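Trainee: Residue numbers (the working numbering), protein chains in the order written: chain A, 1 to 778; chain B, 1 to 437. Ideal Cβ positions, reconstructed from N, Cα and C, are used throughout, including at glycine. Treat the numbers as computed from the prediction; the structure is a model and nothing was measured. I have a structure I would like to understand better, so I am pasting it below and will then ask my questions one at a time.
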Amino acid sequence: MADVTFTVDGKKLTAPAGTLLIEACRAHGIEIPAFCYYPGLSLQAACRMCVVRIEKVPKLQTACTTPVAEGMVVVTESPEIAQARKATIELLLGNHPLDCPVCDAGGECELQDMTFKYGAHESKFVDIKNHRDEQQWSPVVYFDRPRCILCYRCVRVCGEGMDVWALGIQNRGSGSVIAPNGQDHLDCEECGMCIDICPVGALTSGTYRYKTRPWEMSHVGTVCTHCGDGCKTTLGVRRANDGMEIVRGDNRDKSGINGDFLCIKGRYGFDFANREDRLTQPLVRQPSGELKPVSWDEAIDFAGKRLRELRDARGGQTIGVIGSNRTTNEESYLLQKFARAVLGTNNIDHHRTADYPAFAAAMNGESEASLRDFASAKAVLLLGNDPTEQHPGLAWQIRTGVRLRGQHLYVANHQNIKLRRQATSFLRIRENDYAALITYLAGDDSALDRNGEAKAFRDAIRGEGSLIIVFGSEFRGSDVEALVKFGSSLPNVQLACLGDYANSRGAADMGLYPDLLPGYVPVIAAAHFAQEYGASLPSQPGLDLLQMFDAAGHGELAALYVVGANPVARYNIDPASLRNTFIVAQDLFLTETARLADVVFPAANLYEKSGSVTNTFGDLQLVKKAADRAGTRADFELIVRLAVAMGADVKQLVPFGHRGVRADMGQARGAQSGEADRHGVWLAAHHLEPKLSPFDPFAIFDEIQRLVPAYEVPRLDLLSGNDQHLRSGLVQIQHAATRRDVVWPSNDTLFTSGTLGRYSRTMSSVLESREPAETAAD
Amino acid sequence: MATLTTHPDCVPLVSYRFGKGATNIDKYLELDGYKSARKAMELGPDAIIAEMKTSNLRGRGGAGFPTGMKWSFVPKQSAKPKYVLVNGDESEPGTCKDRLIFEHDPHAVIEGVIIAALAIQAKMGFIYLRGEYRYLIEIMEKAVADAYARGFLGKKIFGSDFDLDVVVQTGAGAYEVGEESALMESLEGKRGIPRIRPPFPAVVGLYGGPTIINNAETIATVPHIFRIGAAEYAKLGTERNGGTRLFCLSGHLVRPGVYELPMGYNLKKMIYEVGGGIPNGKKLKAVVPGGSSTPVLTADEIDIGMDFDQVGKAGSMLGSGGVVVLDETVCMVEFALRTMKFYQHESCGWCIPCREGTDWLKKSLTRLHAGGGVDKDIDNIRYLAENMLGRTFCPLGDAAAMPTIAFVKKFRKEFEDHLEGRGCPKHRAAEPEPALV
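This is the structure in structure tokens:
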């Protein structure tokens, strides 16, 4: 719309016609206070805090509902306006309990801030406050009713934002109260958005309430360790006896790719890190068959010596390595380098949840869609997957796009997934018809039998001027190729491939494959890697994960190194088949796999280390060390130590101190490193290089950027906490079709998270509180 | 059934058929019924609206907005259906006029809807009845059924090409729903809370369609305007205040009741002649001129004409025409409390100043009246009310604030008499002081 010019507090401003006055002012740095107004949610005009004086209008007007108009003259601060706001706050404080000293929101409460600003410091009322008892609505949501100021944000974010509609308003007048539509409990997705958006301490989190004061925590912005969306989360950490414990997860920093959103996992699913049964001592299997705690030196020396013996005696091709979906890019990269250059094997794999190599091959170096692109997309075609359950961040972005920008959503799925409610068009297909659907969309009418409905669907998609096609793990191998080819036949198409975990994409990009090096370079074309690594690399593809266990069953796998994975449980491996294999495992817990190991190293999790992760859309972000657990070490350090114990040249493995290498700028120091971070950013900007240690993951980041050109993104932006989308140019490869069964999607729900979720007490309690057949608000 | 009252000064226009059995459609037709609708049909939309403007009819719900102008705001072309909505959610304390119309002349309401629908070319009308008026539902529904049976509603009404459906809907007992946008929410099956305006109902109203929403008396007046002619109607009242109005006289009067008097009729005369004065030789203390939300007038302020402009000039409002007369025995604190109890109970709770303000005013007044008052209470009460005024989402906050401010301003001494643990003097007189031992 055309711009209009208007005057606010004597300043001439311009904004597009129709912009709400409150937004136009905020865009120009004029803050108008509000409780009920929240960008992107429906208008309420209920709190009356945003009242302003508009020339020629008799009464004060609410800035949240007034669109700017040409020539409008507005005053946003005056004695009259300050008095109106003060009176409103006085009225609120009349019933609001002044239990600020114990309230969770104390110190980060909008009502406190407004009271401070408008000075409602006098107690006007001598009568008794209205009281109601506190309620628990779910394992994670508590409602302290007297604290509620009825801004209705929770009701709206739950309904409009989440499409869950679990909250409503009961009664009227001073008896009005927010209440769950499920009477005494929430029928919802337990996302905690209601708590996040509450301006006061009325809605509190079951995991955080009454635990600490906000200013007693350090707040560390990092990336969620659960699904593949890579939502930014802020962890509140506090010193504990055995390190730094995580007390709270939230989304106070709304600048991330998730915008306002965080789901149950990001908000509450951190508590696995605080469990007492974390491994905190290395374990070595004794001749008696028992796993016994030993010192770090003993465990590392033992494992290194044994691996070296087995490599030298039986050859690297008899050693297998299994990497993780949750370690950082640097760790995955280092692991494959260790496997190939030190162990001398291509037997390396990980739990694959999507066919990224097929996608990379089909994309032919083109860049895919970032999660941020969904925010501006005109149309989205969702094939397979159930983002509400498996990619809640993506689901939020799509819902928001449909709701606020009229985005068109096309859904084809074999189930009635919840996002169909936002769909312009929903096509239900059979589970094994995804490939046929693509053939049909590409123009072959004979490929699908239900032509009437499908034809309208196809015509609508073809009529879109631009489109993001996002697909789940239903598509593998040649299906992906066909889909990408179909996409290239339409104008302005972007694609995105959905994998399951926090760094599934990074594991793939970093070459945790028996046949592919980092950047999907085939192992047969490893020359420039060999040059960089200063070692000869095995040139024949190794065994994939399933083949490794087959080999073990035949007594042909001498050793197996498992980093942050639990293949024994995931793939139902018979423990007996591993009898003759020397196993080194590093993990947080004594998993089914770790229990079979000969050496177990206690590892740090993603919240306890620094590095980078790549979400399934190719958005690269830094994780920052927030928590710390005494007795654990980062996988990066463990790999380096193991390599050293095997006699490898550490400088060859981690090129620390080399020319052109820049450090993590203090990121690895964790929560206490605020000052150091700024210092590091300054150093980086001036091309200065702090000293490095071989355990500093960023020591290897330069090498990654050299060998995987897609990762050559501006380092400074990354360090500042911004997500950077990978550049186009994942290496063009001829990829041999992957066996379909090697891709093993985890099909997680909102309340399960593969290997980590089961260690989260909060998520378990939510699962237990629910009827088995219940589907969230559907 | 309410007893009908009258006085020689009355001008029976809207009340023309009261007490004459006009609930019977044949009787209604006998008494010039449905002639105005036929006349309007010949005139066409533009001429109907012109007539309405000529009549100077102003909304009888309380705000006094010119009806013809309201109708003219409805866009001629609309993608969404247009609606005529009758606000019969009569809930303002002191007001009891609409119920007489529904009880005695339900077809006048239907005929008014037909004319309004013709004016804006709406195909659907709703008559929203106050939920507590249970006994009127049957009367109104029968009238609608009879009108359908005679072809006055439904397809091709009066044999023309015009279709019009009318539905009677009842409220669930909320004063707030008398506010037009809250009424639309309620009618749509939602919580009775007001809507953000603009857009105004004439553009985006019921179900998002252009809607005219008028008070039941306003709508029932429409056929009479076409019956006697708009110019004739206008002449009955004062300048810019056309016609007559049903005044509801209640309180300390010899002859309380509903009287149809010309607009601008003198309030003093209304009390002493029409209403027969104050019974039992008591003196007049105060008058609430237009329903409980209008600021009180003292006995010295009542020599005014009862039209929107003159009452406004006197610092109050004509409102809904509910004249409440208070004699010297009334405790004004108790009266203020009774009024506030109503608004506290009826506040929808949507916005902070009204929800919290009415609650604290009620608490303060209750305590003051009971003898627990402290010095700052009186100023506080006024402060609270003044800070609600003009700051709330809808006029309900104003309706609670305006009379409160007037009570404190005009009867401050009575408030002060309640202080220092004394409580209400009226109740003190009734209970003798305990004897000193």
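(1) Tell me, please, whether the CB atom of Pro-58 of chain A is closer than 9 Å to any CB atom in chain B?
(2) So, helix, strand or coil for Phe-247 of chain B, using DSSP?
(3) Determine, using beta carbons only, whether Cys-354 of chain B and Met-388 of chain B come nearer to each other than 9 Å.
(4) Would you grab the beta carbon distance between Gly-323 of chain A and Val-563 of chain A for me? Rounded to a whole angstrom, and I think it's under 8 Å.
(5) Going by alpha carbons, who is nearest to Ala-552 of chain A out of A:Gln-317, A:Thr-280, A:Gly-159, A:Asp-500?
(6) Between which two residues does the beta strand (DSSP E) carrying Met-140 of chain B extend?
(7) Would Ile-348 of chain A be called buried (16 or more neighbouring beta carbons within 10 Å of its own) or exposed?
(8) On the DSSP letters alone, give me the boundaries of the beta strand (DSSP E) that Cys-100 of chain A sits inside.
(9) What residues of chain A sit near Val-374 of chain B, judged by a beta carbon separation below 7 Å?
(10) Which term fits Arg-360 of chain B, buried or exposed, when burial requires 16 or more other beta carbons within 10 angstroms of its beta carbon?
(11) Tell me whether the beta-carbon of Leu-517 of chain A lies closer than 9 Å to the beta-carbon of Thr-327 of chain A.
(12) Where do the N-terminal and C-terminal ends of the beta strand (DSSP E) with Leu-318 of chain B fall, by residue?
(13) Using 8 Å for Cβ pairs, my map puts Ala-341 of chain A next to Tyr-533 of chain A. What's the rounded Cβ distance?
(14) Please classify Asp-9 of chain A: does DSSP put it in a helix, a strand, or coil?
(15) Check whether chain A comes within 9 Å of Pro-356 of chain B, counting only Cβ atoms and requiring the distance to be less than that.
(16) Grab the span of the beta strand (DSSP E) containing Arg-239 of chain A for me, first residue to last.
(17) Tell me which residues of the stretch 66-79 of chain A have at least one Cβ-Cβ distance to chain B shorter than 7 Å, keeping chain order.
(18) For Ile-114 of chain B, count neighbouring Cβ atoms within 10 angstroms of its own Cβ and tell me buried if that reaches 16, exposed if not.
(19) Does the stretch 359-377 of chain A come close enough to the stretch 488-496 of chain A that 3 or more CB-CB pairs lie under 8 Å?
(20) Which residue or residues does DSSP assign as beta-bridge partners of Glu-245 of chain A?
(21) How would you list, in chain order, the residues of chain A whose beta-carbon sits under 9 Å from the beta-carbon of Pro-395 of chain B?
(22) Is Thr-3 of chain B buried or exposed, if buried means 16 or more other CB atoms sit within 10 Å of its CB?
(23) Can you pull the chain A neighbours of Arg-422 of chain B, defined as C-beta to C-beta under 9 Å?
(24) Between Asn-171 of chain A and Arg-629 of chain A, what straight-line distance do the alpha-carbon atoms span, to the nearest angstrom?
(25) Can you give me the start and stop residues for the beta strand (DSSP E) that Cys-227 of chain A sits inside?
(26) Kindly indicate which three-state DSSP category Cys-497 of chain A falls into: helix, strand or coil?
(27) Report yes if the CB atom of Asp-303 of chain B is closer than 9 Å to the CB atom of Lys-268 of chain B, and no otherwise.
(28) Is it the case that the Cβ atoms of Pro-295 of chain B and Pro-403 of chain B are separated by a distance below 9 Å?
(29) Less than 9 Å between the C-beta atoms of Glu-232 of chain B and Asn-87 of chain B, yes or no?
(30) Going along the chain, which residues of its own chain have a beta-carbon closer than 7 Å to the beta-carbon of Cys-10 of chain B, five neighbours each way excluded?
(31) For Val-325 of chain B and Arg-255 of chain B, what's the separation of their Cα atoms in angstroms?
(32) Could you name the residues of chain B that Arg-48 of chain A contacts, counting a contact when the two beta carbons are closer than 8 Å?
(33) If you draw a straight line from the alpha carbon of Ala-166 of chain A to that of Cys-263 of chain A, how long is it in whole angstroms?
(34) Between which two residues does the beta strand (DSSP E) containing Gln-170 of chain A stretch?
(35) Can Gly-264 of chain B and Asn-280 of chain B be called in contact, C-beta distance under 9 Å?
(36) Quick one: which chain A residues come within Cβ less than 7 Å of Ser-364 of chain B?
Mentor: In brief:
(1) Answer yes: the Cβ-Cβ gap between Pro-58 of chain A and chain B drops below 9 Å somewhere.
(2) It is a strand residue.
(3) Going by C-beta atoms, Cys-354 of chain B is nearer than 9 Å to Met-388 of chain B.
(4) Cβ atoms of Gly-323 of chain A and Val-563 of chain A come within 8 Å of each other, at about 5 Å.
(5) Relative to Ala-552 of chain A, the option among A:Gln-317, A:Thr-280, A:Gly-159, A:Asp-500 whose CA is nearest is A:Gln-317.
(6) Secondary structure note for Met-140 of chain B: it is in no beta strand (DSSP E), and the uninterrupted alpha helix (DSSP H) holding it is 134-149.
(7) By the 10 Å Cβ count, Ile-348 of chain A comes out buried.
(8) Careful: Cys-100 of chain A lies outside any beta strand (DSSP E) and carries neither H nor E.
(9) Result: Val-126.
(10) In the sequence under discussion, the amino acid at residue 360 of chain B is Trp, which differs from the Arg named in the question. Buried, because 16 or more other Cβ atoms sit within 10 Å of the Cβ of Trp-360 of chain B.
(11) No, they are not a contact pair.
(12) Careful: Leu-318 of chain B lies outside any beta strand (DSSP E) and carries neither H nor E.
(13) So it is a contact: roughly 5 Å between Cβ atoms.
(14) Coil, per DSSP.
(15) Checking the sequence, you will find Glu at residue 356 of chain B rather than Pro. Yes, Glu-356 of chain B lies at the interface with chain A (some Cβ there is under 9 Å from its Cβ).
(16) Taken as a continuous stretch (DSSP letters only), the beta strand (DSSP E) holding Arg-239 of chain A covers 232-240.
(17) If the cut-off is 7 Å between Cβ atoms, the stretch 66-79 of chain A has nothing near chain B.
(18) Buried, by the Cβ-count rule.
(19) The answer is yes - the stretch 359-377 of chain A touches the stretch 488-496 of chain A, with three or more Cβ pairs under 8 Å.
(20) In the DSSP output, where bridge partners are listed per residue, Glu-245 of chain A has A:Arg-238.
(21) In chain order: nothing, as chain A lies at least about 11 Å away.
(22) Its Cβ having fewer than 16 others within 10 Å, Thr-3 of chain B is exposed.
(23) Result: empty, since nearest Cβ-Cβ is about 17 Å, beyond 9 Å.
(24) Cα to Cα, the separation comes out at about 49 Å.
(25) For Cys-227 of chain A, there is no enclosing beta strand (DSSP E), as DSSP marks it with neither H nor E.
(26) Strand.
(27) In this structure, Lys-268 of chain B lies closer than 9 Å to Asp-303 of chain B by Cβ.
(28) Yes; because the gap between Cβ atoms is below 9 Å, this pair is in contact.
(29) No. Outside cutoff.
(30) Around Cys-10 of chain B, the same chain offers Tyr-259, Glu-260, Leu-261 as residues with beta carbons nearer than 7 Å, after the five sequence neighbours per side are excluded.
(31) Val-325 of chain B and Arg-255 of chain B have their alpha carbons spaced roughly 11 Å apart.
(32) Residues of chain B passing the Cβ test: Cys-351, Ile-352, Pro-353, Arg-391, Thr-392, Phe-393.
(33) Approximately 15 Å, taken between the alpha carbons.
(34) Residues 167-170.
(35) It is not a contact, given that the beta carbons lie outside the stated cut-off.
(36) Taking a Cβ-Cβ threshold of 7 Å, the residues of chain A close to Ser-364 of chain B are Asp-127, in chain order.
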